[in-house]
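Engineer: Have a look at this one before I ask anything.
There are 2 protein chains.
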Amino acid sequence: MVKRAGSGYKMRKRSANKAASKAAIIEVAIDLFWENGYNGTSLRDIAEACGFEAANLYNYFRSKEQLLYEAMQEELERFLELLEPVASDSRGAPVERLKRIIEIHVERMLVIGRRYKMMYDSEIRHLSPVHRKRIVALRDYYSELLFNIIEDGKKTGDFAADIDARFVVLIIASIIMRTVFWFSPKGRLSPAEIADMIYKIVLDGIRPRKQEVKARKK
Amino acid sequence: MVKRAGSGYKMRKRSANKAASKAAIIEVAIDLFWENGYNGTSLRDIAEACGFEAANLYNYFRSKEQLLYEAMQEELERFLELLEPVASDSRGAPVERLKRIIEIHVERMLVIGRRYKMMYDSEIRHLSPVHRKRIVALRDYYSELLFNIIEDGKKTGDFAADIDARFVVLIIASIIMRTVFWFSPKGRLSPAEIADMIYKIVLDGIRPRKQEVKARKK
DNA sequence: AAGCTTAATTAACAACTGTTAATTAGATTA
DNA sequence: TAATCTAATTAACAGTTGTTAATTAAGCTT
Numbered sequence: 001m002v003k004r005a006g007s008g009y010k011m012r013k014r015s016a017n018k019a020a021s022k023a024a025i026i027e028v029a030i031d032l033f034w035e036n037g038y039n040g041t042s043l044r045d046i047a048e049a050c051g052f053e054a055a056n057l058y059n060y061f062r063s064k065e066q067l068l069y070e071a072m073q074e075e076l077e078r079f080l081e082l083l084e085p086v087a088s089d090s091r092g093a094p095v096e097r098l099k100r101i102i103e104i105h106v107e108r109m110l111v112i113g114r115r116y117k118m119m120y121d122s123e124i125r126h127l128s129p130v131h132r133k134r135i136v137a138l139r140d141y142y143s144e145l146l147f148n149i150i151e152d153g154k155k156t157g158d159f160a161a162d163i164d165a166r167f168v169v170l171i172i173a174s175i176i177m178r179t180v181f182w183f184s185p186k187g188r189l190s191p192a193e194i195a196d197m198i199y200k201i202v203l204d205g206i207r208p209r210k211q212e213v214k215a216r217k218k
Numbered sequence: 001m002v003k004r005a006g007s008g009y010k011m012r013k014r015s016a017n018k019a020a021s022k023a024a025i026i027e028v029a030i031d032l033f034w035e036n037g038y039n040g041t042s043l044r045d046i047a048e049a050c051g052f053e054a055a056n057l058y059n060y061f062r063s064k065e066q067l068l069y070e071a072m073q074e075e076l077e078r079f080l081e082l083l084e085p086v087a088s089d090s091r092g093a094p095v096e097r098l099k100r101i102i103e104i105h106v107e108r109m110l111v112i113g114r115r116y117k118m119m120y121d122s123e124i125r126h127l128s129p130v131h132r133k134r135i136v137a138l139r140d141y142y143s144e145l146l147f148n149i150i151e152d153g154k155k156t157g158d159f160a161a162d163i164d165a166r167f168v169v170l171i172i173a174s175i176i177m178r179t180v181f182w183f184s185p186k187g188r189l190s191p192a193e194i195a196d197m198i199y200k201i202v203l204d205g206i207r208p209r210k211q212e213v214k215a216r217k218k
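These protein sequence lines map, in sequence, to chains A and B.
No gaps in the numbering here: position 168 of the first sequence is 168 in the working numbering, and each next residue is one more.
No gaps in the numbering here: position 202 of the second sequence is 202 in the working numbering, and each next residue is one more.
Put into structure tokens, the structure is as follows:
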């Protein structure tokens, strides 16, 4: 646009692998979005954390929205790939599959991806309609996995026949989603313990079991 | 600052009661914050929705942060006032008190104050340290009410003695907080039904009860 | 060494942000 | 009617935002 007296440009480093640096940018962005929200994170913030100028981001992403989308999408798909084999292993007992799903989800939530959380609800609104649909579809797929486990369990008699599976799915997801708000790595509970406690409450509630009829145990 | 050739100022209406219009502004602000988040809502947005110019807001609030704080604080206190008598009615059975608390909370969440939600977690970060402390204190007070009910129930034998009351409080709050994300007024479930289902799952879980021992019923 | 590709740069844009100062008009009171 | 009070206004501020255009330098290929 405007001619410059071409004097002192900054020294710069070039990163070898483009895909790799793109992934690195996404990591940085997820962290910042998590901490300050989408609107609270400027492209200059992200660029600074990456060690370059803001304009350079446009060599990787068409827009800020695109960056948000790719961040969400990648993380969600990675997550679902992890879940899929466990969830749809129709040989496993529903109770066990449920336990495992909760474990994996909590673990992923707290240990690996403490960052990628609010992405999946409040920040979704910043996506374009098309992108939003895709993310919601992935999220629904998760619900579907969980739903099938519950329904299987109702058939086998592991879960009460009169429970509303859709509703239970919401409950479980709700509990896990919010762990990330109150969890502290230094706290008294480990992710594994948390997962176990969630599992137990979902299964049996907080009321004391009337005395178990041991003979009936298979 | 600068002299103006005083010609055409806008026509304007004056609202009689200052406190009333302040309350009205807060209502508008809560709605917008809910829909677009704190950072996504400009003072000009709020002013426009109120029908006046942005600068006028400073006749009511010292800053945007102050507006957010007052919005949160007012709503939270109203909520706690509602809960208090039920929660600390030590004559009522813990089971019944728990049921009522869930009912009130869900109702408030979904019917009356669908808006005032994210306030209490992600948007809290926009508060100044002092204000944040006060809001968190109010929130903790809610936890305390719930905690006492659980502990009471453990003593009376209504709840299992080995459950972690702190944890249960988190679980219940988590479930209710997130109802606002998936609830639809046109959906198949009414707030009262949702409250009831939450209550039942928290109490008994999803596993089928072994046959009840009817004789033991008091 | 020359040329090409591409990841980085600088500079600028228009729009928008929270906030302040000075001014004006509507209603209430004297 | 005149004086007072105060809720509203206009105008401007300094900073920030996402984004674009033009330019430069680094590394690879030839």
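Glycine is no exception: its CB is placed at the ideal position from the N, C-alpha and C atoms.
The structure presented is a predicted model; accordingly, all values stated were derived computationally and were not measured.
Would you kindly work out how many angstroms separate the C-alpha atoms of residue 139/A and residue 79/A, rounded to a whole number?
Structural biologist: Computed Cα separation, rounded: 10 Å.
Engineer: Here's a check: name, in chain order, each residue in its chain whose Cβ is nearer than 8 Å to the Cβ of residue 217/A, leaving out the five neighbours to either side.
Structural biologist: For residue 217/A, the pLDDT reaches just 38, beneath the cut-off of 50, and the residue's location in the model is therefore unreliable, although a value from the coordinates is still provided. Result list for residue 217/A: empty, nothing under 8 Å.
Engineer: Does DSSP put residue 139/B in a helix, in a strand, or in coil?
Structural biologist: Correct three-state label for residue 139/B: helix.
Engineer: Grab the span of the alpha helix (DSSP H) containing residue 180/B for me, first residue to last.
Structural biologist: Residue 180/B -> alpha helix (DSSP H) spans 165 to 182.
Engineer: DSSP three-state label for residue 1/A, please.
Structural biologist: Caution is warranted here: a pLDDT of 33 is assigned to residue 1/A, below 50, making its placement in the model unreliable, and the coordinate value is therefore given only provisionally. If DSSP states are grouped into helix, strand and coil, residue 1/A belongs with coil.
Engineer: Rounded to whole angstroms, what's the CA-CA distance from residue 173/B to residue 103/B? Just pull it up for me.
Structural biologist: If you take the alpha carbons of residue 173/B and residue 103/B, they lie about 12 Å apart.
Engineer: Can you name, in chain order, every residue of its own chain whose Cβ lies under 6 Å from the Cβ of residue 168/A, other than the five neighbours on each side?
Structural biologist: Same-chain partners within the cutoff: 150.
Engineer: Where do the N-terminal and C-terminal ends of the alpha helix (DSSP H) with residue 103/A fall, by residue?
Structural biologist: Its alpha helix (DSSP H) spans residues 94 to 107.
Engineer: Which of helix, strand or coil does DSSP assign to residue 219/B?
Structural biologist: Residue numbering for chain B in the displayed model covers 1 to 218; residue 219/B lies beyond these limits and cannot be assessed.
Engineer: So, with DSSP's three-state summary, where would you put residue 149/B?
Structural biologist: Correct three-state label for residue 149/B: helix.
Engineer: Measuring only the C-alpha atoms, how far is residue 27/B from residue 180/B?
Structural biologist: Taking the straight line joining both Cα atoms gives about 18 Å.
Engineer: Measure the CB-CB distance between residue 220/B and residue 196/B and report whether it falls below 9 Å.
Structural biologist: Past the edges of chain B, shown from 1 to 218, lies residue 220/B, and the structure says nothing about it.
Engineer: Since I believe residue 29/B is in contact with residue 55/B (beta carbons under 8 Å), could you give me their beta-carbon distance rounded to a whole number of angstroms?
Structural biologist: The Cβ separation is near 16 Å, so there is no contact.
Engineer: For residue 203/B, would you say it is in contact with chain A, using Cβ-to-Cβ distances shorter than 9 Å as the test?
Structural biologist: By this cut-off, residue 203/B is an interface position.
Engineer: Measuring straight from C-alpha to C-alpha, what distance separates residue 178/B and residue 121/B?
Structural biologist: Approximately 11 Å, taken between the alpha carbons.
Engineer: Would you kindly report the start and end of the unbroken alpha helix (DSSP H) that includes residue 247/B?
Structural biologist: Chain B is shown only over 1 to 218; residue 247/B falls outside these bounds and no answer can be derived.
Engineer: Mapping DSSP to helix, strand and coil, what is residue 132/A?
Structural biologist: In this structure, residue 132/A counts as helix in the three-state DSSP scheme.
Engineer: Just curious, the alpha helix (DSSP H) that residue 21/B is in, first and last residue?
Structural biologist: Counting along the chain, the alpha helix (DSSP H) containing residue 21/B begins and ends at 18 to 36.
Engineer: Distance cutoff 9 Å, beta carbons only. Does residue 163/B sit that close to anything in chain A?
Structural biologist: Yes - at least one Cβ of chain A is within 9 Å of the one on residue 163/B.
Engineer: Out of 130/A, 133/A, 183/A, which has the shortest C-alpha to C-alpha gap to residue 166/B?
Structural biologist: The option with the nearest alpha carbon to residue 166/B is 183/A.
Engineer: What span of residues does the alpha helix (DSSP H) with residue 86/A cover, start to end?
Structural biologist: From DSSP, the alpha helix (DSSP H) with residue 86/A extends over 64 to 87.
Engineer: Spatial neighbours of residue 176/B within its chain, please: C-beta separation below 8 Å, excluding the five flanking residues on both sides.
Structural biologist: So the list reads 102, 105, 106, 109, 198, once near-sequence residues are dropped.
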